[in-house]
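Data first, discussion second: the structure below is written as C-alpha cells.
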Amino acid sequence: MACPSPALLWFRQDLRLADNPALAAAAERPLLPVYVLDDAAAGRWAPGGAARWWLHHSLAALAGALAARGAPLLLVRGRAEIVIPALADAIGADEVLAGRLYEPWARERDARVAEALKAAGRSLRLVTSTLLREPPTVMSGSGKPYTVYGPFAKSMAVRGEPEPPQPATDRLHPVPGAPTGDRLADWHLLPQPPIPDWAAEFGTIWTPGEAGAQARLTRFLAGSVRDYAVNRNLPGIEGSSGLSPHLRWGEVSPRQVWHAVREAIPGDVEAAQPFLAEILWREFSYHLLWHRPEMPEAALRERFAPFPFAPDAALLRAWQRGRTGIPVVDAGMRQLWRHGWMHNRVRMIAASLLVKQLLQPWQAGASWFWDTLVDADLASNSASWQWIAGSGTDASPYFRVFNPVLQGEKFDLKGAYVRRFVPELARLPKRWLHRPWEAPEAVLREAGIVLGRDYPAPVVLPEEGRRRALDAFARLRVEWEPAA
Numbered sequence: 001m002a003c004p005s006p007a008l009l010w011f012r013q014d015l016r017l018a019d020n021p022a023l024a025a026a027a028e029r030p031l032l033p034v035y036v037l038d039d040a041a042a043g044r045w046a047p048g049g050a051a052r053w054w055l056h057h058s059l060a061a062l063a064g065a066l067a068a069r070g071a072p073l074l075l076v077r078g079r080a081e082i083v084i085p086a087l088a089d090a091i092g093a094d095e096v097l098a099g100r101l102y103e104p105w106a107r108e109r110d111a112r113v114a115e116a117l118k119a120a121g122r123s124l125r126l127v128t129s130t131l132l133r134e135p136p137t138v139m140s141g142s143g144k145p146y147t148v149y150g151p152f153a154k155s156m157a158v159r160g161e162p163e164p165p166q167p168a169t170d171r172l173h174p175v176p177g178a179p180t181g182d183r184l185a186d187w188h189l190l191p192q193p194p195i196p197d198w199a200a201e202f203g204t205i206w207t208p209g210e211a212g213a214q215a216r217l218t219r220f221l222a223g224s225v226r227d228y229a230v231n232r233n234l235p236g237i238e239g240s241s242g243l244s245p246h247l248r249w250g251e252v253s254p255r256q257v258w259h260a261v262r263e264a265i266p267g268d269v270e271a272a273q274p275f276l277a278e279i280l281w282r283e284f285s286y287h288l289l290w291h292r293p294e295m296p297e298a299a300l301r302e303r304f305a306p307f308p309f310a311p312d313a314a315l316l317r318a319w320q321r322g323r324t325g326i327p328v329v330d331a332g333m334r335q336l337w338r339h340g341w342m343h344n345r346v347r348m349i350a351a352s353l354l355v356k357q358l359l360q361p362w363q364a365g366a367s368w369f370w371d372t373l374v375d376a377d378l379a380s381n382s383a384s385w386q387w388i389a390g391s392g393t394d395a396s397p398y399f400r401v402f403n404p405v406l407q408g409e410k411f412d413l414k415g416a417y418v419r420r421f422v423p424e425l426a427r428l429p430k431r432w433l434h435r436p437w438e439a440p441e442a443v444l445r446e447a448g449i450v451l452g453r454d455y456p457a458p459v460v461l462p463e464e465g466r467r468r469a470l471d472a473f474a475r476l477r478v479e480w481e482p483a484a
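For the sequence shown, UniProt numbering begins at 1 and goes up steadily by one.
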C-alpha cells in the first residue's frame, strides 16, 4: 500500500488538538505542524503587547502537546505567502490545511498563499475551526447579511445545535527530516529588559494553552454558570467564565464550550441561554466583520462618520492610566493593565465614559484595548466599541449614556472591586466610594485622602458629561436632518 502524501498543518487561531478539524483531516498522514509569525501581513492588527504574552505561552503549550504525540511544532517568522509554499515544497505536501480566518488582512493573505500554492500544483484547504457557522451561511430570508443581533440569534437557533466536538488524536505521524525552525524565545513575544515586566501578574491569573482552557471551562461549569445572568454583571466576584482569551486563541472551540454548557445544565434552556447568548454575540461580531471589513476603523452607520469628537491627548491618557477620578472606571483600567483583561460590565462603563462623556473617538479606545487585552479579538473588540459608540448597525442608542457612579453603586455595591484596584480609596465609607468628590472633608481626611493629591478629581462630572454627549449628538442630528 502506498504511503499517504505528507500534509502541512498551519496553526493560526486554533491552538489546540481537540476538536480541530484541520488536524483531524491530516491525522493519518505524515504531518508537519507549523506556526508562522507574520506581523507584516497583519500590519496594525498584529497582536498587541498583552496578546503576544499570551501567544508565547500558548505556543509553548501547543508545542509540548504536539511533541508528546510525535509531531513537533515548527516555528517560522516571515511572510506566509513565501514560508508556506516553501515548506510544502520541502516536505512534498500536496495540501496545506488550516482553520479559516475572517479578518480582512488574513483573508487577503490566504488568497495570496492559495495563489502561490496553486502555481506549484498544490492547494490550501480551509476548514471551520473558530466559529459555529460560516458567516456566508447565516443570511436573512432575503439573502442579505444580518445587521441586528436579535434576528441573527434566532436564525442561528433555527439551524439547530452545532455539531458535537471531536476528541484529540492520540498519535500523530511526523514528516521525516522536517526543516529546522526558530526558537520561541527568539521571537521576543514577552516583555524584554530594560522595559519593566508589565505582565508580571498575568501568570497569577491566566494559564494559556489547551489544558488551561479546559481547566477554566471546568471551573466555570462547576461554579457560576447557573447564576451567570446575574453574576456576570458583578465585577467584585468571579461571575464570568474567563474563557474569552482561550476562545480568541482557539485553545477551546465554541462547539466545545456550547456543548459543555448544555451538558452542565441539562434540560434547563433558560439557565443556559444567558451564557450561550454571549457565544452568539461573538458569532455575530464575526458575521459583521466578514460582511463589513471596514468595521475596525470606520463607523458602520455612515451618518456617524462626522460625529464631533474632541480628541484630547491628556483626557485619553488619564483614561488609559486609570486616573479619571471616576472610581469604577479607574478600577477597570487598572485591572486591564495588571491582568490583561477587564470585566465586561466595566468595559462598557469605561468605554461609555471615554466616547460619550469625554467625546474621545471610539477608535482610540479600541486601539488601547487591542494593545492591552490578552483576549484582543478584532471582530468582538470592534463590534463592541461600535455598539457603545452608537455607530454600529445594532448599537446602544447614542442617548443612552451610562452614569458611571450609578453603575458602580449598582454593580459594585459593597465596593470590593474598587477597593481592590484603587487601594487609595479603600478606607472610604461605602456611601462615598463611587463619588469621592462629594464626600465631606472630614470623611476624606479620616480616609487619608486629599483629592488632587492622593486621587484625582473627576475629569468630568457624570451629568456634565451626559450633557456634552447629548449636545454633540444634537449637533450631529442637524447634519442628518438639515432644515427644509
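By construction, the Cβ of each residue, glycine as well, lies at the ideal position given by its N, Cα and C atoms. Model, not experiment: these values are computed from the prediction.
Assuming residue i is part of the beta strand (DSSP E), what are its boundary residues?
| i | result |
| --- | --- |
| Ala7 | 7 to 11 |
| Glu95 | 95 to 99 |
| Leu276 | Per DSSP, Leu276 belongs to no beta strand (DSSP E); it is in the alpha helix (DSSP H), 269 to 291. |
| Arg79 | First-last for Arg79: undefined, no H or E at that position. |
| Pro30 | 30 to 37 |
| Val127 | 123 to 127 |
Hey, quick one: how far does the alpha helix (DSSP H) through residue i stretch, first residue to last?
| i | result |
| --- | --- |
| Ala71 | Run containing Ala71: none; DSSP gives neither H nor E here. |
| Leu221 | 210 to 222 |
| Ser352 | 344 to 352 |
| Ile237 | Note, Ile237: premise wrong, no alpha helix (DSSP H); not H, not E. |
| Met333 | 327 to 339 |
| Val405 | 404 to 411 |
| Ile195 | From DSSP, Ile195 is part of no alpha helix (DSSP H); its letter is neither H nor E. |
| Arg453 | Where Arg453 is concerned, there is no enclosing alpha helix (DSSP H), given that its DSSP letter is neither H nor E. |
| Ile265 | Segment: none, Ile265 is in no alpha helix (DSSP H) and carries neither H nor E. |
| Asp110 | 104 to 119 |
| Glu446 | 441 to 446 |
| Lys154 | 149 to 158 |
| His246 | 244 to 248 |
| Gly203 | 202 to 205 |
| Thr137 | Note, Thr137: premise wrong, no alpha helix (DSSP H); not H, not E. |
Assuming the contact rule is C-beta atoms closer than 8 angstroms, residue i and residue j should be a hit. Round their C-beta distance to whole Å, please.
| i | j | result |
| --- | --- | --- |
| Ala61 | Pro33 | Not really, about 13 angstroms apart at Cβ, beyond 8 angstroms. |
| Ser380 | Trp387 | Actually they do not touch by this definition, with Cβ atoms about 10 angstroms apart. |
| Tyr102 | Trp290 | 5 angstroms |
| Ala24 | Thr169 | 7 angstroms |
| Ala472 | Leu359 | 6 angstroms |
| Leu9 | Leu31 | 6 angstroms |
| Ala65 | Leu17 | 6 angstroms |
| Ser129 | Pro21 | 6 angstroms |
| Gly212 | Glu251 | 7 angstroms |
| Leu172 | Ala7 | About 11 angstroms; that fails the 8 angstroms criterion. |
| Thr324 | Val459 | 5 angstroms |
| Ala41 | Arg12 | Incorrect: roughly 11 angstroms between the Cβ atoms, too far for contact. |
| Leu124 | Ala98 | 7 angstroms |
| Pro165 | Arg282 | Pro165 to Arg282, Cβ: 16 angstroms. No contact. |
Please determine, among the options, the residue with the shortest C-alpha to C-alpha distance to residue i.
| i | options | result |
| --- | --- | --- |
| Gly365 | Arg321, Ala277, Ala185, Gly160 | Arg321 |
| Asp197 | Trp337, Gly250, Lys410 | Trp337 |
| Arg467 | Tyr398, Pro456, Gly415 | Tyr398 |
| Ala114 | Thr130, Thr372, Gly141, Ile82 | Ile82 |
| Thr393 | Gly150, Leu234, Leu300 | Leu300 |
| Ser155 | Glu409, His173, Pro135, Lys414 | Pro135 |
| Leu470 | Ala447, Arg400, Tyr417, Leu354 | Arg400 |
| Arg52 | Ile449, Asp377, Trp437 | Asp377 |
| Val261 | Leu217, Lys118, Leu15 | Leu217 |
| Ser253 | Leu184, Val422, Leu132, Trp105 | Leu132 |
| Gly236 | Ala416, Val257, Arg183 | Ala416 |
| Leu74 | Val175, Leu353, Leu280 | Val175 |
| Leu55 | Ala298, Arg77, Gln335, Gly209 | Gly209 |
| Ser241 | Val374, Phe220, Arg334 | Phe220 |
| Gln363 | Val374, Met295, Gly78 | Met295 |
| Asp412 | Ala119, Arg345, Val355 | Arg345 |
| Lys414 | Pro162, Leu234, Gly150 | Leu234 |
| Pro162 | Val257, Ala106, Ile205, Leu373 | Val257 |
Taking CB distances under 8 angstroms as the criterion, tell me whether residue i reaches chain C.
| i | result |
| --- | --- |
| His343 | Absent here is chain C; the protein component of the structure consists of one chain. |
With three or more C-beta pairs closer than 8 angstroms as the rule, is the region 166 to 180 touching the region 87 to 94?
yes
Take every Cβ of the region 225 to 243, pair it with every Cβ of the region 262 to 273, and state whether three or more of those distances are shorter than 8 angstroms.
yes
Can you find at least 3 beta carbon pairs, one from the region 288 to 308 and one from the region 235 to 250, that sit closer than 8 angstroms?
no
Between the region 256 to 266 and the region 212 to 227, are three or more C-beta pairs nearer than 8 angstroms?
Output reads yes: the region 212 to 227 touches the region 256 to 266.
Okay, do the region 328 to 337 and the region 141 to 148 touch, 3+ Cβ pairs below 8 angstroms being the bar?
no
Taking contact to mean 3 or more Cβ pairs, one atom from each stretch, closer than 8 angstroms, check whether the region 197 to 211 and the region 34 to 46 are in contact.
no
Is the region 300 to 312 touching the region 339 to 346 in the sense that three or more CB pairs, one from each, lie closer than 8 angstroms?
no
Across the region 308 to 318 and the region 400 to 414, are there enough close Cβ pairs to call them in contact, namely three or more that are closer than 8 angstroms?
no
What alpha helix (DSSP H) runs, 4 residues minimum, are completely inside the region 297 to 328?
313 to 321
Using 8 angstroms as the threshold, is the region 438 to 452 in touch with the region 413 to 428, meaning 3 or more CB pairs across them?
yes
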